[in-house]
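S.K.: Here's a structure for you.
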Amino acid sequence: LAPQGPHKYWNIFDLLIVLISWAEIAVALSVLHNGNESASGTVGQVLRIPRIAKVLRLCRTARFLSSLRLMISLIMKSMKALFWVMVVILGILFVFSLLLTQSVTEHIRSASFDLDAARLEGGMIDCFGSLFLTMYSLSQAMTGGRNWGEYARMLTPVGWDAVVLLMLFIYFTAFSVVNIVTGVFVDGAIEMAKTDRLTLVEKKARQAVEMAGLLVELLIEMDGDQNGSISLEEFLLALERPEVQDFLVALDIKADQASMLFHMLDSNDDGDVDIVEFVDGMTTLKGEAKSMDIQVLLIQVRKLMSMFGGQHNTLP
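Residue numbering for the sequence shown follows our numbering, starting at -6 and increasing by one per position.
In structure tokens, the structure reads:
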């Protein structure tokens, strides 16, 4: 069977790799059956050489590497925003940690010591005994490294104000800071993806190829006599089919006036529209008129007016 499709050459390549692997297995079994291990090793090494070409199959995933390149680029470009995010988070941690450390320190100085209180306050000192320890504990509570409920129970002897301050920190960071930071990063990633020139070029090229393939398929369906072009009768007959109408609607092409549309596609006015005329015409007509299309039309109108004006002046 003749190979077909856009990946036919890759399919032939995969077939050759599989045949070489089968040949290697067959030769290895045959030589092993005969008991000649040195020949088996030599033949196996020779047959393994073409298998190195399997690395070329990675080229088939080249179109997926654009997504990886975009993600790496977004990570590198977001380092500046990440720095300021860390500054904001450290500032919030510093303020809440300073207040909690001060409350815990005052409580320990004024509390009467007994065995139970000393054991409880020992854990409190380990977590809130200094500004650094408090910042470390709050960062654990914020990121899920430790349950913030344990810290709330530790701060219960200090007073309700310390517990409320801890809960306020958790709610503020979980529902405000984290969501705002996530939104900033997502919005920045979307904006950078829109302005990435290479990604835009690849996307436009991929869309153009897909569009051309769909239009060729549409022309083949319209071509009743299979001569590679369509006539006005074939075009009008095809537009009566619901699937063709739905296809044109999906392409954002209006076909209300079929005869005018056909003559717009027939660039050389020979009464037939071939593949090149059909693809170029449909691609031009797809969607709404852009500002560039309007400017081109205005330039053509000015040229015609200038030409007619010059001819009018030459008349006696």
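The beta carbon of each residue, even a glycine, is placed where N, CA and C say it ideally should be.
Keep in mind it's a predicted model, so treat the numbers as computed, not measured.
Quick one: which unbroken alpha helix (DSSP H) runs of 4-plus residues sit fully inside the region 112 to 165? Chain order, please.
M.R.: Counting only runs of 4 or more, we get 124 to 136, 141 to 147 and 153 to 165.
S.K.: Which same chain residues, not among the five before or five after THR94, have their C-beta less than 7 Å away from its C-beta?
M.R.: Cβ neighbours of THR94 beyond the five flanking positions: PHE121, SER123, LEU124 and THR127.
S.K.: Between which two residues does the alpha helix (DSSP H) containing SER224 stretch?
M.R.: No alpha helix (DSSP H) holds SER224; the beta strand (DSSP E) holding it covers 222 to 224.
S.K.: I'd like the span of the alpha helix (DSSP H) that includes VAL80, first residue to last.
M.R.: Taken as a continuous stretch (DSSP letters only), the alpha helix (DSSP H) holding VAL80 covers 72 to 103.
S.K.: DSSP three-state label for ASP273, please.
M.R.: Helix at ASP273.
S.K.: Check whether the region 212 to 223 and the region 265 to 279 are in contact - that is, three or more C-beta pairs closer than 8 Å.
M.R.: They touch, by the three-pair rule.
S.K.: Between the C-alpha atoms of TRP141 and LEU92, what's the straight-line distance to the nearest angstrom?
M.R.: Roughly 17 Å between the two C-alpha positions.
S.K.: For my contact list, GLY206 and ASP267 are in at a C-beta cut-off of 8 Å; report their separation, rounded to the angstrom.
M.R.: Not really, about 16 Å apart at Cβ, beyond 8 Å.
S.K.: Taking only the alpha-carbon atoms, compute the straight-line gap between VAL78 and SER14 and give it to the nearest angstrom.
M.R.: When rounded, the distance between both Cα atoms is 54 Å.
S.K.: Between which two residues does the beta strand (DSSP E) containing VAL266 stretch?
M.R.: Counting along the chain, the beta strand (DSSP E) containing VAL266 begins and ends at 265 to 267.
S.K.: What is the rounded straight-line gap between the Cα of VAL157 and the Cα of VAL80?
M.R.: Approximately 24 Å between the Cα atoms of the pair.
S.K.: Helix, strand or coil, according to DSSP, for VAL11 in the structure here?
M.R.: Correct three-state label for VAL11: helix.
S.K.: Note the first and the last residue of the continuous alpha helix (DSSP H) segment covering GLY243.
M.R.: Inspection of the sequence shows that residue 243 is occupied by Ala rather than by Gly. Its alpha helix (DSSP H) spans residues 235 to 243.
S.K.: Between the C-alpha atoms of SER71 and GLY137, what's the straight-line distance to the nearest angstrom?
M.R.: Spanning the two alpha carbons is a distance of roughly 24 Å.
S.K.: Tell me which residues share the same chain as ALA231 and place their Cβ nearer than 6 Å to its Cβ, disregarding the 5 neighbours each side in the sequence.
M.R.: If we look at ALA231 and ignore the five residues flanking it on each side, its Cβ neighbours are MET215 and VAL237.
S.K.: In chain order, what residues of the same chain lie with their CB nearer than 6 Å to the CB of SER224, ignoring the 5 residues before and after it?
M.R.: ASP265.
S.K.: If you draw a straight line from the alpha carbon of GLU226 to that of GLU233, how long is it in whole angstroms?
M.R.: Cα to Cα, GLU226 sits roughly 11 Å from GLU233.
S.K.: By the 10 Å Cβ neighbour count, where 16 or more other Cβ atoms means buried, how is PHE89 classified, buried or exposed?
M.R.: The residue in question, PHE89, is buried, as its Cβ has 16 or more Cβ neighbours within 10 Å.
S.K.: Excluding the 5 residues flanking ARG295 on each side, which residues of the same chain have their C-beta closer than 8 Å to its C-beta?
M.R.: Taken in chain order, the list of residues that qualify is empty.
S.K.: Give every residue of the same chain whose Cβ lies closer than 8 Å to the Cβ of VAL151, excluding the five residues on either side of it in the sequence, and list them in chain order.
M.R.: Closer than 8 Å at Cβ, skipping near neighbours: SER96, VAL97, HIS100 and MET117.
S.K.: By DSSP, does GLN200 sit in helix, in strand, or in coil?
M.R.: If DSSP states are grouped into helix, strand and coil, GLN200 belongs with the helices.
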